[in-house]
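Engineer: Sharing a structure, written as structure tokens. Questions coming.
Chains as they are written, first to last, in the numbering used here: chain A, 476 to 792; chain B, 476 to 792.
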């Protein structure tokens with residue numbers, strides 16, 4: 476919810492006390508300790524007209540993504556997903572083939588990550604499709620990685636290129652004709668990959684300070700880590716990992732790759748903090764993009780010089 | 476979903492294998508064994524225009540009921556609820572006061588049963604309100620009471636009067652003027668009581684065969700127990716517990732109390748099977764309404780004589 480989401484969440488928080496030992500609203504997942512391990516739970520609602528358009532994505536792709544974004548919340552804590560729960564409210568014209576094709580896409584990614592669908596709810600809706608996915612995961616007790624553990628001096632990393640999903644969405648909205656380049660980027664938007672193996676490997680290093688997945692774009696997501704951890708950060712814009720495809724596309728269409736990388740979101744890569752030798756402890760690339768600082772500000776640098784960053788791009792002071 | 480719900484669920488079931496030891500789609504809750512206890516999970520979606528009308532119920536009442544029907548799913552397995560998760564999709568005109576008043580009602584019942592709200596999602600919707608509640612509960616390992624354990628010869632019980640909620644809904648839809656009687660029945664419809672203490676006490680007797688909560692009315696709900704257990708049942712219509720309020724209301728308005736008791740649903744009392752001395756093992760009333768039989772049929776009796784039951788009431792053969 477663009478406006479008002481946070482004031483409602485604040486209102487909710489004043490009405491509920493989180494029991495000792497549990498983590499409630501405000502992280503990628505809730506954490507509920509049980510015997511010897513923590514249970515992680517997250518839930519996401521997807522609405523036709525807000526999160527997807529039936530005319531712009533196949534039912535299979537929507538099914539894939541509905542599961543993917545929830546699995547990504549488990550990845551963001553370093554957990555292993557154990558089950559999903561799917562509620563579907565469907566208008567009459569989506570109750571047959573559309574629903575079945577949605578399930579085919581949802582089942583495809585569920586099988587890939589070996590996560591059973593264990594329950595849910597189906598109901599009619601008057602007009603729009605509404606989908607809610609709940610996901611349950613597990614993690615060794617006390618080991619889930621929250622947003623609140625970033626420490627001054629840590630390096631900020633991301634697990635992969637940023638901006639591809641945003642470029643794919645732009646290609647869909649601008650109805651660009653199909654080319655291998657366009658199709659690649661649209662694929663990144665429609666079928667994001669939850670970084671589950673990476674999340675577990677990072678948790679197992681026991682060196683990660685804070686972690687979350689990139690859903691809104693790091694310009695917005697990183698602020699959650701900073702607020703929860705009570706720290707600041709400096710981001711070096713020239714270090715943002717950009718795919719060759721994104722660079723080509725931006726050159727062709729005069730798009731701003733930095734803007735897509737920072738604000739378009741939906742990359743579902745992991746954003747995390749840790750010691751600068753963290754990449755040596757895992758077997759996949761980690762891209763350093765900045766540093767955690769003490770001053771509770773988010774500063775943008777370009778080639779080592781402080782810059783202003785806004786919607787129009789960055790400018791030197 | 477009136478039509479198609481079950482064919483979609485069948486389609487879903489063919490696409491997902493439930494792992495060994497877990498219970499998936501088809502009962503009140505999914506059951507996920509963990510260390511020494513079972514985790515129960517259920518989820519329900521509520522839509523404006525389908526499940527509630529903003530003009531016919533206060534936001535507080537809708538919030539109460541959204542939580543209540545999910546807590547009732549945990550009660551139906553004999554579990555203890557440990558947390559809920561709330562997703563809200565809100566159109567612009569429901570993002571302020573409506574949402575806050577909804578939370579007030581949701582918080583009221585959550586405090587009453589000491590269940591924290593641990594997470595969720597808020598998003599804008601274009602037009603209608605969509606609410607999804609997920610609930611997590613616990614139960615000693617292997618002790619959750621499913622729908623599949625009814626045995627031939629067991630007595631069928633309900634924990635309280637049937638039809639009050641249906642009469643309350645009828646009073647709302649017919650816009651009956653407020654009287655103590657009308658208000659009482661509307662209250663039963665808008666603020667159902669999940670039978671949590673009763674569910675736990677019944678589970679602790681270790682004598683219950685099958686159990687579920689009454690959401691659609693026993694004429695429909697009982698069939699789930701019969702199908703899952705591979706048995707039949709005889710119901711004695713003269714034994715259905717009817718409240719004094721329901722009887723008075725039906726007399727005043729020439730409504731059919733049996734019909735309301737059997738088919739209106741939303742009573743959220745527990746429907747269960749067990750030995751005929753089960754009432755002696757618990758400290759609340761259990762009303763015997765019939766017997767589990769071998770022949771996989773659901774038979775209706777009235778004062779010991781077999782009757783036909785349909786929408787127009789019952790008739791002797």
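Even for Gly, the Cβ is constructed at its ideal location relative to N, Cα and C.
(1) Could you check what DSSP says for residue 705/A in three-state terms: helix, strand or coil?
(2) Entirely within the region 588 to 645 of chain B and at least 3 residues each: give me those beta strand (DSSP E) ranges in chain order.
(3) Does chain A have any CB closer than 7 Å to the CB of residue 776/B?
(4) Cβ-heavy atom distance between residue 557/A and the ligand SAH below 6 Å?
(5) Between the Cα of residue 703/B and the Cα atoms of 494/B, 503/B and 596/B, which residue gives the shortest distance?
(6) Across which residues does DSSP place residue 812/A in a beta bridge pair?
(7) How many Å lie between residue 588/B and residue 756/B at the Cα?
(8) Might you give, ordered along the chain, the residues of its own chain that have their beta carbon closer than 7 Å to the beta carbon of residue 772/B, omitting 5 neighbours on each side?
(9) If we ignore side chains and look at the alpha-carbon of each, how far apart do residue 687/A and residue 785/B end up?
(10) Just mark residue 760/B as buried or exposed, buried being the case when its beta carbon has 16 or more other beta carbons within 10 Å.
(11) Assign residue 567/A to buried or exposed, taking buried as 16 or more other Cβ atoms, counted over all protein chains shown, within 10 Å of its Cβ.
(12) What residue range is occupied by the uninterrupted beta strand (DSSP E) comprising residue 663/B?
(13) Let me make sure I understand the geometry here. Which of 656/B, 705/B, 778/B and 636/B has the alpha-carbon closest to that of residue 623/B?
(14) Give a yes or no on whether 7 Å exceeds the smallest Cβ distance from residue 510/A to chain B.
(15) Assuming residue 532/A and residue 715/A make a contact with CB atoms under 8 Å, what is their CB distance in whole Å?
(16) Return the bridge partner residues of residue 560/A from the DSSP annotation.
(17) Could you tell me whether the Cβ of residue 553/A comes closer than 7 Å to any Cβ of chain B?
(18) Beta carbon of residue 511/A, beta carbon of residue 620/A: below 7 Å?
(19) Taking CB distances under 7 Å as the criterion, tell me whether residue 524/A reaches chain B.
(20) Please work out which residues of its chain come closer than 6 Å, Cβ to Cβ, to residue 685/A, disregarding the five sequence neighbours upstream and downstream, and give them in chain order.
(21) Hey, could you find the ends of the alpha helix (DSSP H) residue 508/A is sitting in?
(22) Note down, in chain order, all residues in the region 594 to 608 of chain B with a beta-carbon under 8 Å from any beta-carbon belonging to chain A.
(23) Any beta carbon from chain B within less than 7 Å of residue 494/A's own beta carbon?
(24) Would residue 525/A and residue 563/A qualify as a contact pair, given that the criterion is a beta-carbon distance under 7 Å?
(25) May I ask you to report which of helix, strand or coil DSSP gives residue 527/B?
(26) Assuming residue 534/B and residue 591/A are in contact, meaning their beta carbons sit under 8 Å apart, how far apart are those beta carbons, in whole angstroms?
(27) Between residue 559/A and chain B, is the shortest Cβ-Cβ distance under 7 Å, so that the two count as touching?
(28) Check the Cβ of residue 699/A against every Cβ in chain B and list those closer than 9 Å, keeping chain order.
(29) Note the first and the last residue of the continuous beta strand (DSSP E) segment covering residue 512/A.
(30) Roughly how many angstroms lie between the CA atoms of residue 661/B and residue 647/B, to the nearest whole one?
(31) Please report the residue range of the alpha helix (DSSP H) in which residue 754/A lies.
(32) Taking the alpha-carbon positions, what's the residue 476/A to residue 598/B distance?
(33) Taking the straight line between their C-alpha atoms, what separation do you get for residue 678/A and residue 618/A?
(34) For the 8 Å Cβ check, are there 3 or more pairs between the region 632 to 639 of chain A and the region 711 to 731 of chain A?
(35) Taking just the CA atoms, how far does residue 539/B sit from residue 551/B?
(36) Rounded to the nearest angstrom, what separates residue 513/B and residue 723/B at their Cα positions?
Structural biologist: In short:
(1) In the structure shown, residue 705/A sits in coil (DSSP, three-state: anything other than H, G, I, E or B).
(2) Assignment of beta strand (DSSP E) within the region 588 to 645 of chain B, counting only whole runs of 3 or more residues, yields 592 to 599, 605 to 615 and 630 to 633 in chain order.
(3) For residue 776/B, the nearest beta carbon of chain A is not closer than 7 Å to its own beta carbon.
(4) With respect to small molecules bound, the structure shown includes none, and the ligand SAH cannot be examined in it.
(5) Considering only alpha carbons, the answer is 503/B.
(6) The structure shown does not extend to residue 812/A, since chain A is modelled only from 476 to 792, so the question has no answer here.
(7) C-alpha of residue 588/B to C-alpha of residue 756/B: approximately 23 Å in a straight line.
(8) 707.
(9) Going by the C-alpha atoms only, they are around 56 Å apart.
(10) When all chains shown are included, residue 760/B counts as exposed.
(11) The residue is exposed, with fewer than 16 neighbouring Cβ atoms inside 10 Å.
(12) For residue 663/B, there is no enclosing beta strand (DSSP E); the enclosing alpha helix (DSSP H) covers residues 655 to 665.
(13) Nearest Cα to residue 623/B within the set 656/B, 705/B, 778/B and 636/B: 705/B.
(14) It does; some Cβ of chain B falls within 7 Å.
(15) About 27 Å; that fails the 8 Å criterion.
(16) In DSSP, residue 560/A forms a bridge with 594/A and 609/A.
(17) At a cut-off of 7 Å, the C-beta of residue 553/A has no neighbouring C-beta in chain B.
(18) Going by C-beta atoms, residue 511/A is not nearer than 7 Å to residue 620/A.
(19) So, interface residue.
(20) Around residue 685/A: 622, 624, 625, 700, 704 and 748.
(21) Premise fails: residue 508/A lies in the beta strand (DSSP E), 505 to 508, not in any alpha helix (DSSP H).
(22) Residues of the region 594 to 608 of chain B with a C-beta atom less than 8 Å from some C-beta of chain A are 594, 595, 596, 597, 598, 599, 600, 601, 602, 603, 605 and 607, listed in chain order.
(23) Among the CB atoms of chain B, one or more fall inside 7 Å of the CB of residue 494/A.
(24) Pairing residue 525/A with residue 563/A gives a Cβ-Cβ distance that is not under 7 Å.
(25) Residue 527/B sits in a strand when the DSSP states are folded into three classes.
(26) The pair is not a contact, with the Cβ atoms about 35 Å apart (cut-off 8 Å).
(27) No, residue 559/A does not count as interfacial toward chain B.
(28) Within 9 Å of the CB of residue 699/A, no CB atom of chain B is found; the nearest one sits about 15 Å away.
(29) Unbroken beta strand (DSSP E) run through residue 512/A: 512 to 522.
(30) Distance between the alpha carbons of residue 661/B and residue 647/B is about 7 Å.
(31) No alpha helix (DSSP H) holds residue 754/A; DSSP gives it neither H nor E.
(32) For residue 476/A, the predicted model reports a pLDDT of 39, less than 50, meaning its position is unreliable; a value from the coordinates is still stated below. Looking at the two C-alpha atoms, the distance is approximately 4 Å.
(33) Within the model, the alpha-carbon separation for residue 678/A versus residue 618/A is close to 7 Å.
(34) Yes: at least three Cβ pairs fall under 8 Å.
(35) Cα-Cα distance, rounded: 18 Å.
(36) Distance between the alpha carbons of residue 513/B and residue 723/B is about 44 Å.
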